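Numbered by our numbering, the letters in the sequence shown go through residues 11 to 378 in order.
Beta carbons: idealized from backbone N, C-alpha and C, even for Gly.
The structure displayed is predicted, hence computed values, not measured ones.
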Amino acid sequence: MNNEKLRYGLIGAGSNAERKHLNNYMTLPNVELVAICDVNIENAQRLAKKYNIPKVYGNYEEMLNNEELDLVSVCTPNYLHAEISTYALLKGVHVHCEKPLAVDAKQAQKIVDAKNLSGKKVMVGLNNRFTNEAVFLKKYIDVGYLGDIYQVKAGWIRRSGIPGRGTWFTNKDCAGGGVMIDLGVHYLDLALYLIGMPEPSYVTGAIHQNFSHTTTRNRNGYKGDPNGIFNVEDTAVGFIGFQNGATVNFEFSWASNIEQDKTFVEILGTKGGVSLINGEVRIQSEILDTCVDIAPVLNPNIKLKNEFEHFVQCILSGEELIAPAEHGVYMMNIIDHFYKAAYKKKPVTFENSNDNILLFSSPFREIK
Ligand SMILES: NC(=O)c1ccc[n+]([C@@H]2O[C@H](COP(=O)([O-])OP(=O)(O)OC[C@H]3O[C@@H](n4cnc5c(N)ncnc54)[C@H](O)[C@@H]3O)[C@@H](O)[C@H]2O)c1
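Right under this line is the structure:
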């Protein structure tokens, strides 16, 4: 670290790297953009020129060996997240890794192990945890306004939103899966984060692939490759039961015959409910024995939490991470079990789930 500025490097100079990471890290006074790397060197050169980054590399190992960096963003295709993050951590560099943390729980755990060995920090790029709405909802739920949470719905469904048909996103070896690992990682994560990430007990679900052959369902602005591979799901639906009795049903789709795109998290508790539908927060409650809906007015000009500022604060002053690597392992463990259930066409239980259910005991929660 130089004059209290973190020396920053970026690995994987694609669309998300520019839109999210560079655009934000460049604004922070205690971060110095030092180096950028991409196997496609032209991508790195273009962004280096635009953002005035002095050093350009075509190989991440070379960059990490040559430069004294404090912090890197890992914005490559998913299958490289574990390899690159682990390498950076063992070089003594903090890592801001894009979601999903890795393609499965085993690889995600390797990142946690490297982090523990190095004493450095890892944050997962779960930007949906940092919106004003999510920050507000997390506080509201943690205070206990909902009572006992028993049921959650989560989803992100698009009519035409394949992120580049035939690119690495639709290739299982590169992405680890399809829409579940892409959009599911965002909104199932958000739902489970809000309810405190309970221990899962069992999961069931299905995956569908109906739009791999179409040329009309690409996401706006994402180029496809007509000769590329498409061997992942474009729709995923499922149901998770948790050891505390709560349940979640979810639906994710890159392409579907629906009227309108929709994102949603709906959380039902014994004392109240909350919803976040297409970015709008609502609270469902009771006042004077009457059901009421409350629409909180969040000031869009005040950013309650900034993902990038937050990570820098965590590094500099030990603030607790909102999206630590361990949460990435939790999510990938659920996704691994979901895929297993979908392929087997059977519910799958989690290894540590409690099978000692007392026969004839009531399955219902005691009403207090
Ligand atoms: N948080 C979000 O909202 C969000 C949004 C989009 C993408 N993402 C995630 O960001 C990551 C990148 O997605 P994208 O849309 O930017 O993809 P992209 O294809 O636009 O960019 C990936 C870049 O990585 C480069 N790359 C490939 N192998 C490399 C290597 N060995 N070393 C260095 N660079 C390498 C590619 O050349 C490319 O420039 C993915 O993990 C994706 O899931 C997150």
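Under DSSP, the alpha helix (DSSP H) around VAL153 begins and ends at which residues?
142 to 153
Delimiting residues of the beta strand (DSSP E) encompassing VAL250
Position check: residue 250 holds Ile in this sequence, whereas Val was assumed. That run of the beta strand (DSSP E) goes 245 to 252.
Cα-Cα separation, LEU308 to GLY102
39 Å
Using only alpha-carbon positions, find the residue among ALA27, GLY194, MET207 that is nearest to PHE274.
GLY194
Beta-carbon within less than 8 Å of PRO310's beta-carbon, same chain only, minus the 5 sequence neighbours each way: which residues are those?
ASN142
Terminal residues of the alpha helix (DSSP H) in which SER222 lies
First-last for SER222: undefined, no H or E at that position.
Sub-8 Å separation of VAL41 and TYR18 beta-carbons:
yes
Just to confirm, are VAL84 and LYS65 a CB contact at a threshold of 8 Å?
no
Using beta-carbon positions only, say whether SER263 and ARG175 come within less than 8 Å of one another.
no
Through-space distance from GLU336 to VAL122, alpha-carbon basis
7 Å
Tell me the rounded alpha-carbon separation between LYS131 and ARG29.
23 Å
If you follow the alpha helix (DSSP H) that ALA54 is in, where does it begin and where does it stop?
51 to 61
Use the C-beta contact count for ASP327: other C-beta atoms within 10 angstroms, 16 or more gives buried, fewer gives exposed.
Contrary to the premise, residue 327 reads as Ser rather than Asp in this sequence. Flag for SER327 reads exposed.
Buried or exposed: which applies to PRO110, given that a residue is buried once 16 or more other Cβ atoms fall within 10 Å of its Cβ?
buried
Output needed for PHE140: all residues of its chain with C-beta closer than 6 Å, excluding positions within five of it in sequence on either side, in chain order.
LYS315, GLU317
Can you have a look at ILE46 and say buried or exposed, based on whether 16 or more other CB atoms are within 10 angstroms of its CB?
buried
State the DSSP-derived secondary structure class of CYS47, mapped to helix, strand or coil.
strand
Can the beta-carbon of ALA201 be found less than 8 Å from the beta-carbon of VAL145?
no
Please state whether DSSP places TRP166 in a helix, a strand or coil.
strand
Here's the rule: buried if 16 or more other CB atoms are within 10 angstroms of the residue's CB, otherwise exposed. What is SER95?
buried
Taking 7 Å as the cut-off, does the CB of ARG175 come closer than this to any heavy atom belonging to ligand 3?
Of the ligands this structure carries, namely ligand 1, none is ligand 3.
Strictly by DSSP, which residues pair up with GLY19?
ALA45, VAL82
Put ILE367 into one of helix, strand or coil per three-state DSSP.
Below a pLDDT of 50, predicted positions are generally treated as unreliable, and ILE367, at 49, falls in that range; the measurement from the model is reported next regardless. Correct three-state label for ILE367: coil.
May I ask you to report which of helix, strand or coil DSSP gives TYR160?
strand
Using only the heavy atoms of ligand 1, determine whether one of them is closer than 7 Å to the beta carbon of THR396.
Absent from the structure is residue 396, since the part of the chain shown begins at 11 and ends at 378.
Would DSSP call ASP303 helix, strand or coil?
strand
Looking at the structure shown, is GLY279 part of a helix, part of a strand, or coil, going by DSSP?
strand
Alpha carbon to alpha carbon, how far is LYS15 from ALA246? Give it in angstroms, no decimals.
43 Å
Return the chain-ordered list of same chain residues with a C-beta closer than 6 Å to the C-beta of ASN137, the five sequence neighbours on each side being excluded.
GLU317
With the cut-off set at 8 Å, would you say LEU127 and LEU90 are in Cβ contact?
no
First and last residue of the beta strand (DSSP E) that includes LYS350?
Where LYS350 is concerned, there is no enclosing beta strand (DSSP E), although the alpha helix (DSSP H) it sits in stretches over 335 to 354.
Look at the Cβ atom of ALA115, then the Cβ atom of ALA92, and state whether they are nearer than 8 Å.
no
How is ILE121 classed by DSSP in three states: helix, strand or coil?
helix
Return yes when the Cβ of PRO357 is within less than 8 Å of the Cβ of VAL213, no when it is not.
yes
What I want to know is whether the C-beta of ALA23 ends up closer than 7 Å to one or more non-hydrogen atoms of ligand 1.
yes
Skipping 5 residues on each side, what residues in its chain have a beta carbon closer than 8 Å to that of ILE367?
Because the pLDDT of ILE367 is 49, which lies under 50, any placement of that residue in the model is unreliable, and the question is left without a value.
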